[in-house]
Structure formats: structure tokens, C-alpha cells
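In the numbering used here, the protein residues as written are 15 to 421.
A virtual CB, placed ideally from N, CA and C, is assigned to each residue, including glycine.
Notes to accompany the following structure.
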DNA sequence: TCTGGGGTCCTAGGACCC
DNA sequence: TCTGGGGTCCTAGGACCC
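Structure (C-alpha cells):
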């Protein structure tokens with residue numbers, strides 16, 4: 015039996031948004047920094063520096079709570095447009111080390127170094143693990159020097175174990191889990207540390223008396239199936255460190271099709287109002303603005319949606335959605351009436367509204383056949399998109415959606 | 001301490017068809 | 001008239017991730 019070697023690497027940028035903000039404003043170095051918005055605003059912490067983590071601040075925590083724990087921290091808004099370029103530079107650097115990678119999120123990347131030992135081996139290395147460890151350290155050093163961002167990495171035989179290891183390695187660390195020691199490394203950790211076990215599964219596991227990953231690994235599958243259902247076998251293998259030993263090749267974005275020939279994925283935008291609203295004009299303006307936004311993104315991507323979903327959250331946080339299959343479109347003029355209809359169907363209570371969202375899914379390519387019938391809209395959208403390209407997204411909006419902007 | 005916004009994936013019931 | 005199952009699509013909801 016051949017034992018698989020730890021060659022899967024999870025590369026993770028430390029406190030990513032905070033690190034980029036510090037790069038852009040060096041005076042923030044060493045200060046307690048919270049990215050996500052100002053105290054008093056509706057919102058949550060999207061990134062917290064280690065200085066405020068020491069005070070108990072965590073990402074996902076409400077800004078109100080964060081401001082009580084860290085009243086003197088520097089609070090910054092999340093600047094979504096700014097971080098992508100830095101993430102891309104890190105990806106390009108990492109991908110120059112190995113041809114097989116998977117982008118997991120804006121600040122997280124998986125790399126597969128299988129077969130690369132010989133390429134990087136040096137006479138001093140006593141084993142392939144030495145080689146990989148040295149190469150990954152070199153990569154994180156290079157990210158720090160060339161891009162200016164701190165990164166950590168975990169290396170293991172499987173993706174979930176590599177991810178757990180990268181979390182343990184933070185900050186600025188690299189941790190390799192030797193083949194055969196995965197189960198022992200995982201066993202003492204709380205169940206929440208394993209990717210895929212969230213607050214709900216954690217609660218159910220605790221109710222069964224299972225608090226560590228070792229408990230999960232040892233539990234009878236008949237017990238686990240009450241928590242994980244069809245995923246029972248996979249999670250148990252994962253907790254025993256037996257996950258897949260190679261990384262699937264990255265699929266090109268928007269090229270993988272489902273059996274119906276549609277692209278996988280979705281495009282959505284949602285907004286929480288600064289204060290709960292009941293004014294119908296205000297609601298209509300927001301719905302219109304959301305339609306514009308998702309359609310603009312769909313056109314930029316060159317896709318049309320065959321399903322539209324409206325999301326509604328009431329002031330008491332009750333959240334519901336209504337969706338409908340439609341003739342493929344990327345036009346806000348076509349989408350808006352449908353969204354309005356979905357909203358009317360969804361809104362059965364008189365309570366004020368906290369959040370509205372619009373999502374496009376079952377995306378497909380622009381169809382040359384269909385195009386013959388709607389060249390009028392196509393010309394209009396081309397003109398709109400061109401103006402936005404030159405003067406910014408907010409250069410123009412449908413009249414209905416401007417009210418939301420002024421308010 | 002009242003809880004953002006972008007996603008992915010899974011489940012499940014009912015309609016509808018064969 | 002009452003009886004089936006299997007397969008697929010549509011819709012709604014929920015868990016989870018960063």
C-alpha cells in the first residue's frame with residue numbers, strides 16, 4: 015500500500031481586508047483596525063486586526079457589539095472594489111509555483127504540489143516533505159515581499175485537513191501535517207474547526223455528546239447520519255483524515271454546464287435599508303436599482319438569466335424568497351416588472367421591510383437567435399453600459415431607482 | 001450584542017409526464 | 001375506476017463559507 019504524501023496546500027491571506035487597508039495607509043500599522051463600517055451603522059465586522067481580536071472582536075460580529083469591545087479601534091468601510099486586484103496578484107504569484115490550483119474565495123487558494131518534489135528538490139532535503147515545506151515558505155515570503163501582504167499556509171494530504179492546518183498556522187505561519195498523523199492532529203479540535211460544520215451541526219453534535227473531531231471520527235455512522243444525512247460518510251472520512259488526495263483541476267469560470275446546457279452559478283445583489291421601510295415608492299426604487307445592478311453585471315459577463323429570485327426580509331428578520339423561471343434576459347426593463355410581481359406575491363405581512371434582494375440564476379449565453387427580436391433593448395443597454403464604463407456605475411440610472419439614491 | 005453581502009450546495013414537496 | 005412507480009422540473013428554504 016502506498017501512503018499518499020501531504021502535497022495539498024491551503025494558502026490563506028491573514029486578516030486580508032485589514033492588511034490591504036494598512037498597505038494603502040501605513041499609519042494603520044500596529045493599530046486596532048476593524049473593516050466593515052462605522053459603529054452605529056447596520057452591519058457586521060468583515061475583517062478584524064489581531065489587536066482587536068485580542069479584545070474578543072470576531073468577523074461576522076455586529077458593529078454594535080464590536081464597538082463595545084473595541085471602542086477606540088479605527089473603523090473603516092468595506093471597500094469591495096479595492097481588494098480584488100491584490101488578491102489577483104497573490105493568485106498569479108502562487109500559480110507560478112504549480113499548475114494545479116483552485117480559487118476558494120477572495121483570500122483563499124488551494125494549490126496541489128503533487129509531482130513537484132523533483133522540480134524543487136535540493137541536495138539538503140532529507141525527504142519530499144522538506145522540499146514542499148521550504149517551497150511554500152518561500153511562497154509566503156514572496157507574497158509578503160512582492161505584494162506586501164501576510165499569508166499563512168497549511169499542507170496536508172487532503173483539502174479539508176490543509177484548511178484546518180492553515181488556520182492553526184496563522185498568523186504568518188506554515189504548517190505541514192505529515193501523512194498518517196491527520197487523525198491525531200484533528201482529534202482534539204472542537205467540531206466547528208472542520209470546514210462544513212457550522213453552528214447548526216455543532217449544536218446537534220453537542221446534543222449527542224460529541225464535542226471534538228475525534229468524537230465525530232469515532233461515532234457510529236448511524237448516530238452521525240441524524241446530523242449529516244447524505245454527507246455522513248464524507249464527513250467521517252474527512253475527520254479521520256482520509257479525504258481526496260488530489261485537487262480537482264480548476265474549472266474555468268462560467269464554462270461548466272449543467273445537463274440543460276446552462277452555466278453554473280448566480281448573480282445577486284441585496285441591500286439592507288439604513289432604517290426599516292414601508293414606503294412603497296422607496297421599495298419600488300430599491301427593487302429597480304437592484305434589477306439594474308444584477309442586469310449590468312450579467313451583461314458584463316455576457317450571460318442572460320432564466321430564473322429570477324426576489325428576497326425579502328421583514329423588520330423582525332423573517333426572511334423569504336419567491337422565484338420564477340423567465341425567458342432568458344439581461345434587461346432591467348424586462349426584469350423589473352417580474353420582480354415587482356414576485357414582491358407583491360411575497361409581501362403578505364404589513365410589517366416594515368429590512369432588506370430586499372434580487373438574484374439571477376440558470377445563466378446561459380447570449381443567444382444569437384433571440385437577439386434578432388430585441389435589438390432595440392440591446393442598443394439601449396450598450397449605450398448605458400458604455401456610459402458607465404466611462405463615467406462610473408452611478409453615471410446614470412432608471413428614473414425610478416434614483417429615489418433610493420437620494421434617500 | 002439585534003444579526004452584511006456575495007456566493008455554493010443540498011433537501012424536499014408537488015406538478016407533470018410516461 | 002382505481003391503481004402503480006420513476007424521472008425531471010419548478011419552487012422554497014436552509015446550512016454553510018468568506
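Worksheet item: By the 10 Å Cβ neighbour count, where 16 or more other Cβ atoms means buried, how is residue 252 classified, buried or exposed?
Response: Classification for residue 252: buried.
Fill in: Spatially closest choice to residue 334 from 378, 324 and 340, by CA coordinates
Nearest of 378, 324 and 340 to residue 334, Cα basis: 324.
Worksheet item: Which stretch, first to last residue, makes up the beta strand (DSSP E) that contains residue 52?
Response: Where residue 52 is concerned, there is no enclosing beta strand (DSSP E), given that its DSSP letter is neither H nor E.
Item to complete: Just the C-alpha distance for residue 332 and residue 283, rounded to the nearest angstrom, thanks.
Response: Residue 283 has its alpha-carbon roughly 19 Å from the corresponding atom of residue 332.
Worksheet item: Which whole-angstrom value describes the C-beta separation of residue 227 and residue 189, a residue pair presumed to lie in contact below a C-beta threshold of 8 Å?
Response: Incorrect: roughly 16 Å between the Cβ atoms, too far for contact.
Worksheet item: Straight-line CA distance for residue 130 to residue 346?
Response: Answer to the nearest angstrom: the Cα atoms are 49 Å apart.
Worksheet item: Are there 16 or more other CB atoms within 10 angstroms of the CB of residue 145, so buried, or fewer, so exposed?
Response: With 16 or more other Cβ atoms within 10 Å, it is buried.
Practice prompt. Determine the direct distance from the alpha carbon of residue 23 to that of residue 261, and round the result to whole angstroms.
Written response: Across the structure, residue 261 and residue 23 are spaced so that their CA atoms are roughly 10 Å apart.
Practice prompt. Using the Cα positions of residue 246 and residue 257, report the straight-line distance between them to the nearest angstrom.
Written response: In this structure, the straight-line span from the alpha carbon of residue 246 to that of residue 257 is close to 13 Å.
Fill in: Range covered by the alpha helix (DSSP H) that runs through residue 134
DSSP places residue 134 in the uninterrupted alpha helix (DSSP H) bounded by 131-134.
Discussion item. Ignoring anything shorter than 4 residues, give me the alpha helix (DSSP H) runs that lie fully in the region 132-192, in order along the chain.
Written reply: If we require 4 residues or more, the alpha helix (DSSP H) runs fully inside the region 132-192 come out as 142-156 and 173-183.
Worksheet entry | Span of the beta strand (DSSP E) around residue 372 | Residues 367-379.
Worksheet item: Under 8 Å between the Cβ atoms of residue 191 and residue 170?
Response: Yes, these two residues count as a Cβ contact at 8 Å.
Discussion item. Mapping the DSSP letters down to three states, classify residue 90 as helix, strand or coil.
Written reply: Looking at residue 90 - three-state DSSP - the assignment turns out to be strand.
Discussion item. With H, G and I counted as helix, E and B as strand and the rest as coil, what does DSSP make of residue 414?
Written reply: It is helical.
Worksheet entry | Expected contact under 8 Å - CB spacing of residue 352 and residue 367 to nearest Å | Not confirmed; about 19 Å, so no contact.
Worksheet item: According to the neighbour-count rule (16 or more other Cβ atoms, all chains shown, within 10 Å of its Cβ), is residue 43 buried or exposed?
Response: Exposed.
Practice prompt. Measure the alpha-carbon distance for residue 139 versus residue 152 and round it to whole angstroms.
Written response: Between the alpha carbons of residue 139 and residue 152 lies a distance of about 15 Å.
Worksheet item: Taking DSSP as the reference, what is the three-state secondary structure of residue 279?
Response: In this structure, residue 279 counts as strand in the three-state DSSP scheme.
Worksheet item: Can you tell me where the beta strand (DSSP E) with residue 335 in it begins and where it stops?
Response: Where residue 335 is concerned, the enclosing beta strand (DSSP E) stretches over 333-343.
Worksheet item: Quick one: what does DSSP say residue 249 is sitting in, helix, strand or coil?
Response: In this structure, residue 249 counts as helix in the three-state DSSP scheme.
Worksheet item: Roughly how many angstroms lie between the CA atoms of residue 154 and residue 239, to the nearest whole one?
Response: Residue 154 and residue 239: Cα-Cα distance of roughly 39 Å.
Discussion item. Helix, strand or coil for residue 256? Go by DSSP, reduced to three states.
Written reply: Three-state result, residue 256: coil.
Discussion item. Just to confirm, is the Cβ distance from residue 365 to residue 329 under 8 Å?
Written reply: Annotated as proximal: residue 365 and residue 329, with beta-carbon spacing under 8 Å.
Worksheet item: Leaving out the 5 sequence neighbours to the left and right, which residues in its chain are closer than 6 Å to residue 311 when beta-carbon positions are compared?
Response: So the list reads 281, once near-sequence residues are dropped.
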